[in-house]
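Engineer:
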Amino acid sequence: MRVLLIGGGGREHALAWKLVQSPNVEKLYAAPGNPGMALLKKCECINLNVDDLEGIADYAEEKSIDLTVVGPEAPLVAGLADVFKRRGLPVFGPSKAAAQLEGSKAFSKELMAKYNIPTAFFKICEDIDTAKAYVEEKGAPIVVKADGLAAGKGVVVAMTKEEALEAIDEMMGDHKFGAAGARLVLEEYMEGEEASLLAFTDGKTVVPMIAAQDHKRVFDGDEGPNTGGMGTYAPAPVMTDILRLKATELILKPVVEAMAKEGTPYQGCLYAGLMIKGDSVKVVEFNCRFGDPETQVVLPLLDGDLAEIMLACATGTLDKAEVAWHDKAAVCVVMASGGYPESYEKGKEITGLAAAEEDKDVVVFHAGTKEAEGKIVTSGGRVLGVTAVDANIKAARDRAYAAVEKIAFEKNFYRKDIAWRALKR
Ligand SMILES: Nc1ncnc2c1ncn2[C@@H]1O[C@H](COP(=O)(O)OP(=O)(O)OP(=O)(O)O)[C@@H](O)[C@H]1O
Ligand SMILES: [Mg+2]
Numbered sequence: 141m142r143v144l145l146i147g148g149g150g151r152e153h154a155l156a157w158k159l160v161q162s163p164n165v166e167k168l169y170a171a172p173g174n175p176g177m178a179l180l181k182k183c184e185c186i187n188l189n190v191d192d193l194e195g196i197a198d199y200a201e202e203k204s205i206d207l208t209v210v211g212p213e214a215p216l217v218a219g220l221a222d223v224f225k226r227r228g229l230p231v232f233g234p235s236k237a238a239a240q241l242e243g244s245k246a247f248s249k250e251l252m253a254k255y256n257i258p259t260a261f262f263k264i265c266e267d268i269d270t271a272k273a274y275v276e277e278k279g280a281p282i283v284v285k286a287d288g289l290a291a292g293k294g295v296v297v298a299m300t301k302e303e304a305l306e307a308i309d310e311m312m313g314d315h316k317f318g319a320a321g322a323r324l325v326l327e328e329y330m331e332g333e334e335a336s337l338l339a340f341t342d343g344k345t346v347v348p349m350i351a352a353q354d355h356k357r358v359f360d361g362d363e364g365p366n367t368g369g370m371g372t373y374a375p376a377p378v379m380t381d382i383l384r385l386k387a388t389e390l391i392l393k394p395v396v397e398a399m400a401k402e403g404t405p406y407q408g409c410l411y412a413g414l415m416i417k418g419d420s421v422k423v424v425e426f427n428c429r430f431g432d433p434e435t436q437v438v439l440p441l442l443d444g445d446l447a448e449i450m451l452a453c454a455t456g457t458l459d460k461a462e463v464a465w466h467d468k469a470a471v472c473v474v475m476a477s478g479g480y481p482e483s484y485e486k487g488k489e490i491t492g493l494a495a496a497e498e499d500k501d502v503v504v505f506h507a508g509t510k511e512a513e514g515k516i517v518t519s520g521g522r523v524l525g526v527t528a529v530d531a532n533i534k535a536a537r538d539r540a541y542a543a544v545e546k547i548a549f550e551k552n553f554y555r556k557d558i559a560w561r562a563l564k565r
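Quick note: the sequence shown uses this note's numbering, first residue 141, plus one each step.
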């Protein structure tokens, strides 16, 4: 099988790492890929304009690609899968219409309301006055969300009315997120513990993965501003077997069924961000792709052939695919550039990568690196995802941190408490 993978972050490195383990994958092209992916056997990083959807399909045709896997949400929301489908090319990832589950929070809330899928109460607002009146009526805490894609920054969990009103002004008045803020979703504040449950689906069959938990805040103890994710672990014990079953039966399966009923079948990875409180589980959000950094801990636990599973999703045969999970745990510690998520310097040489990977159960996923004059240097805020697999969370965590200590670059920092919620239990 010849596979094309779109993307070049930590998530895509994890996808590539698992894809090349498939004996059926003869060649993997990654566009643009990254220096970590370039070291994988069978993997070649290529330059493709990822905004040119037809151009990507041309390339897939030229290279006789059997399966294209789309990492990030933007090309899916832009309609990459539709172009591939029209041209008869197998693709893993939802159509533009189905990607609205992530691309429009209003769309996803309305779908959940229509099909009785458990989620927070909400109101969709088209103008500032309606939004502000709703905040005055409901009070705080309340959650203000830009409808469209805002690179993970379009949500304000407002603990006071003033914060909520200010967020509305910024999003709608000052157009902080452009067109993404033309509509807002105002939402009831939910208490509880969050977890991410991802699933493979071909539009009919739904196969949940292992639940993961990430750490969005930049500092230990979940303090400081939000980031793209400072670390993650799986399985997340907050998601008990019963809750996972509940989430599958009450959320994942009904959503996939609803999308098919609406005439916009959903195929690819369905990411459910969930809020758990006691024995209740509710949807915080859906994403139309794998999570970053959740992928870095979920895929190492997959006991199966990722390429075959993805091809089965793309071709509607997931009911026949074999998907199993190792009875182990994985922990990923993100090493970041000093200053992130605010401004930070780039171009710092990274040392110790090979030493860290001397442990056979450690993988260092590259998220923000590049090659310069034969050296690997930093090129982003989140630089590396140092991942270890072991029998349990505690052992995996110790191993991940041992590997982190072998890696160095100027002004690096990382959280020291990844998986603390699991260990506290
Ligand atoms: N109704 C809610 N109650 C409490 N917290 C919430 C609620 N909605 C969102 N949050 C918090 O805000 C975070 C971001 O919200 P959401 O996942 O909808 O945004 P997003 O920008 O799409 O995130 P991502 O970048 O992970 O896709 C959630 O992870 C959660 O911590
Ligand atoms: Mg989202």
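No residue lacks a Cβ here, since even glycine has one placed at the ideal position from N, Cα and C.
1. Is the beta carbon of Gly288 less than 8 Å from the beta carbon of Ala253?
2. At 4 residues or longer, what runs of the alpha helix (DSSP H) sit wholly inside the region 168-205?
3. Would you call the region 519-532 and the region 161-172 touching, i.e. three or more CB-CB distances under 8 Å?
4. With a cut-off of 8 Å, do at least 3 Cβ pairs link the region 348-358 to the region 321-339?
5. Let me know if Lys285 comes out buried or exposed under the rule of 16 or more other beta-carbons within 10 Å of its beta-carbon.
6. How should Ala494 be labelled, buried or exposed, when 16 other C-beta atoms within 10 angstroms of its C-beta is the threshold for buried?
7. Quick one: what does DSSP say Gln240 is sitting in, helix, strand or coil?
8. How many Å lie between Ala246 and Ile146 at the Cα?
9. Given Ile186, which residues of its chain have a CB within under 6 Å of its CB, disregarding the five upstream and five downstream residues?
10. Just mark Arg384 as buried or exposed, buried being the case when its beta carbon has 16 or more other beta carbons within 10 Å.
11. Provide the residue span of the beta strand (DSSP E) that contains His153, from first to last.
12. With a Cβ-Cβ cutoff of 8 Å, do Lys556 and Asp360 count as a contact?
13. Please classify Asn189: is it buried, with 16 or more other beta-carbons within 10 angstroms of its beta-carbon, or exposed?
14. Using CA coordinates, which residue listed in Ala290, Phe317, Leu324 is at the minimum distance from Ala304?
15. When every heavy atom of ligand 2 is checked, does at least one fall within less than 7 Å of the C-beta of Asn366?
16. Return the residue from the list Gly321, Met312, Leu392, Val358 that minimises the CA-CA distance to Thr341.
17. Thinking C-beta only, is Val347 closer than 8 Å to Leu207?
18. Within the continuous beta strand (DSSP E) that includes Ser483, where are the two ends?
Structural biologist: Looking at the coordinates:
1. no
2. 175-178, 193-202
3. No, the region 519-532 is not in contact with the region 161-172.
4. yes
5. buried
6. exposed
7. helix
8. Their backbone Cα atoms lie some 27 Å apart in a straight line.
9. Tyr169, Ala171
10. buried
11. His153 -> not in any beta strand (DSSP E); alpha helix (DSSP H) instead, spanning 150-159.
12. yes
13. With fewer than 16 other Cβ atoms inside 10 Å of its own Cβ, Asn189 counts as exposed.
14. Leu324
15. No, Cβ of Asn366 sits at least 7 Å from all heavy atoms of ligand 2.
16. Leu392
17. no
18. First-last for Ser483: undefined, no H or E at that position.
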